[in-house]
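Enquirer: Here's a structure for you.
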Amino acid sequence: MMSSKVSRRQFLSYTLMGVGGFMVSATVMPMVRFAVDPVLQTKGDGDFIPTSQKVADLSETPVRVDFTIKDRKDGWYKSDVSDTAWVYKQGDEIIALSPVCKHLGCTVSWEGDKHENEFFCPCHAGRYQKNGKNIPGTPPIGPLDEYLVEIVDGYLHLGKTVPNTLV
Ligand code: FES
31 MMSSKVSRRQ
41 FLSYTLMGVG
51 GFMVSATVMP
61 MVRFAVDPVL
71 QTKGDGDFIP
81 TSQKVADLSE
91 TPVRVDFTIK
101 DRKDGWYKSD
111 VSDTAWVYKQ
121 GDEIIALSPV
131 CKHLGCTVSW
141 EGDKHENEFF
151 CPCHAGRYQK
161 NGKNIPGTPP
171 IGPLDEYLVE
181 IVDGYLHLGK
191 TVPNTLV
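Positions 31 to 197 (my numbering) are the ones given, in order, by the sequence shown.
Written as structure tokens, this is what we have:
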């Protein structure tokens with residue numbers, strides 16, 4: 031018959047393994063959580079940002095709409111971020127285009143006069159049609175992104191940017 035008694039050596043060995051394991055996990059788990067937590071956070075892609083732009087004031091000519099994204103998280107850093115959209119009406123539809131150039135990311139502007147009915151990027155003379163389509167022969171390699179749009183109490187709300195659906 032085998033003895034079920036635990037020897038002093040075994041007891042010390044189990045105790046040290048238990049305490050050691052607890053200390054390692056107490057040290058490592060916060061580090062793992064710190065590294066992984068931003069990845070696990072939901073991005074809130076369904077969020078729409080209110081703007082001060084009245085939908086009734088929009089026309090077929092693009093206007094610049096500035097807005098602020100409150101408490102945008104970048105990893106562990108939270109800050110208010112200013113952003114811009116070029117917005118116009120096309121029939122009953124509201125089009126909101128991102129001003130970020132698809133060449134190297136400069137900001138495009140609506141150039142009603144100099145470049146008739148085109149968006150223009152001053153960095154390398156990139157040009158886009160009104161619907162955001164890049165004009166062949168100019169540096170941009172794709173159309174301007176679109177913002178998702180929502181109307182709340184007559185005011186424009188902007189969501190995340192998505193690939194251009196107009197071209
Ligand atoms: S960044 Fe716009 S054309 Fe180069």
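C-beta atoms are modelled at their ideal positions from N, C-alpha and C, and glycine is treated no differently. All values derive from a computational prediction rather than experimental measurement.
1. Quick check on DSSP: helix, strand or coil for Thr57?
2. If I measure Cβ to Cβ from Asn194 and keep anything under 7 Å in the same chain, skipping five residues before and after, which residues do I get?
3. Between Ile79 and Val49, what straight-line distance do the alpha-carbon atoms span, to the nearest angstrom?
4. What does the alpha-carbon distance come out to for the pair Met61 and Trp106?
5. Could you check the C-alpha separation between Tyr185 and Cys151 for me, to the nearest Å?
6. Return helix, strand or coil for Thr45, following the three-state DSSP convention.
Expert: Taking the coordinates as given:
1. For Thr57, the three-state secondary structure derived from DSSP is helix.
2. If we look at Asn194 and ignore the five residues flanking it on each side, its Cβ neighbours are Gly162, Pro173, Leu174, Asp175 and Glu176.
3. Distance between the alpha carbons of Ile79 and Val49: 51 Å.
4. Cα to Cα, the separation comes out at about 14 Å.
5. Spanning the two alpha carbons is a distance of roughly 28 Å.
6. Helix at Thr45.
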